[in-house]
Amino acid sequence: MLTLGEKIQTAPPLLPMLIEGQPFIDAQDELSVTEFMRKYGMPERINEEVFIAMAKALDFIDPDKLSMTVVLTAMNRFLNESNGLQMAFLDGNQPDRVCAPMKEYIEKRGGKVVVSSPIKEIVTNDNGSVNHLLLRSGEQVFADEYVSAMPVDVVKRMIPEKWQNMPYFRQIDELEGIPVINLHMWFDRKLQAVDHLCFSRSPLLSVYADMSVTCKEYEDPNQSMLELVFAPCSPLAGGKVNWIAKSDEDIIDATMGELARLFPTEIANDERWPATSKQGPDGQAKLRKYTVVKVPRSVYAAIPGRNKYRPSQTSPIPHFTMAGDWTSQKFLGSMEGAVLGGKLAAEVIANRAKGNQNKPIKEIQQNIIDSAETYKARKPSGVKGDDALVFGGGATFNRSSEDQLREVDPSQFVQPV
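Take 885 as the starting number for the sequence shown in this note's numbering and just add one per residue.
See below:
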């Protein structure tokens, strides 16, 4: 833990956050967490004790890669919102506890939720406005308003040719999703656990929780079920090893080694997992089963200098609104950011429906405006394949999913030098 002297040394650089608020927070986006620390003379140990765990939890990358704006935003929320430090878990799986109620809500009000109907192309009129959406099935969808909530890396593949020289869309090139791996691990006995999300300073693990304690659906008094975030997991995220390209067995073995360090008297020496070979006789817990879910492009990488490229929800295209956690709003790429981005998009549409002037488009950087003029527009590549991975989702890898990912995102398989 930090000494009293180190705590006192840490406080002054954070005072402007409390006094000036969001303007000061936004102004720090050009600095990484590490650069901010050294600029303001914060003790180096705060990086080891606090910022490593915060950075990996907030954006799955290390503090020397993460924008300080992200950490200050979180700290400001913790300090100024009465529920800012509260964390909660769903009492069941997301399809049943989140998606199904949302679908029911929409349908009760006359709406329709269409799934398994991927879009092939956004078809435009001569003036660049949206004419319709063309589905892979050949069906055409016409609407009064169009909202994109696609991940940023998928949006890039779908931008119509007529939009590609617009600075609004070119700035999106400066944003990209970051790889992350989620692990689900079932043990044959109970581990010591707390009813909370745990932050880790492990070089491989970001956050984890024992779902047999924190989640009603997985409640089990006798056996633990851990969910963990494995990050950073790729050179794209600043990692030293490309774990996205590794086998599930390699990932689990490395994780078992980290768990053996976190639970030194509980994890057993299991010959299936060589990383546990140094465990002593006290450890008895063995892994029963596991699932590895790889998300090659998750939230956008909040590296320094990216905030200014996050686009407003208002776009230059009539009746086309942009949503998503990567659009411009006060939170980073997260569930909170996705909700707020959607809320702001809804406000744009509601404002337009009232006959009011469109909400303004966020200022675009001059370097983007200049480069957009000479950009050579081309037919959009679209989304190829049918695996969740190519749509920006996560999935367990098989040969088909790997082949599809290699086609649309070959950078995921580049090995570090």
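Cβ atoms here follow ideal geometry from the backbone N, Cα and C, with glycine treated the same way. If you're wondering where the values come from, they're calculated on a predicted model, not measured in any experiment.
For glycine 1225, the secondary structure class from DSSP, reduced to helix, strand or coil, is helix.
Relative to the Cα of glutamate 1023, the nearest Cα in the group Lys1040, Leu1081, Ser1001 belongs to Ser1001. Exposed is the label assigned to glycine 995, since fewer than 16 other Cβ atoms lie within 10 Å of its Cβ. In this structure, isoleucine 1151 lies away from threonine 1139, with their beta-carbon atoms at least 8 Å apart.
For the pair alanine 1261 and asparagine 1049, the CB atoms are nearer than the 8 Å cut-off. Annotation note: the segment 1098 to 1141 contains the following uninterrupted beta strand (DSSP E) runs of length 3 or greater, listed N- to C-terminal: 1109 to 1114. Non-local C-beta neighbours of valine 955 in its own chain, meaning closer than 6 Å and more than five positions away in sequence, comprise Val917, Met938, ordered along the chain.
When the five nearest sequence neighbours on each side are left out, the beta carbons in the same chain lying within less than 7 Å of the beta carbon of proline 1202 are those of Ser1013, in order along the chain. Judged by their CB atoms, proline 1063 and isoleucine 1128 are nearer to each other than the 8 Å cut-off. DSSP places asparagine 1066 within a strand segment (E or B) once states are collapsed to three. Distance between asparagine 931 and phenylalanine 944, taken at the CA atoms: about 15 Å. Counting C-beta pairs with one atom in each stretch, the segment 1154 to 1174 and the segment 1270 to 1285 have fewer than three that are closer than 8 Å, which means they do not touch. Using a Cβ-Cβ distance cut-off of 8 Å, the segment 1109 to 1124 and the segment 1088 to 1100 are in contact, since at least three pairs of beta carbons, one from each stretch, lie closer than that value.
Per the Cβ contact rule, the segment 1175 to 1193 is in contact with the segment 1206 to 1222 (3 or more Cβ pairs under 8 Å). Cβ atoms of arginine 1190 and leucine 1059 come within 8 Å of each other, at about 6 Å.
For lysine 923, the secondary structure class from DSSP, reduced to helix, strand or coil, is helix. It is roughly 34 Å from the alpha-carbon of isoleucine 1252 to the alpha-carbon of valine 1113. Within the model, the alpha-carbon separation for serine 1084 versus leucine 902 is close to 27 Å. 8 Å or more divides the Cβ of proline 1195 from the Cβ of threonine 1205. The residue among Pro1035, Val1177, Arg1145 with its C-alpha nearest the C-alpha of glutamate 1133 is Val1177.
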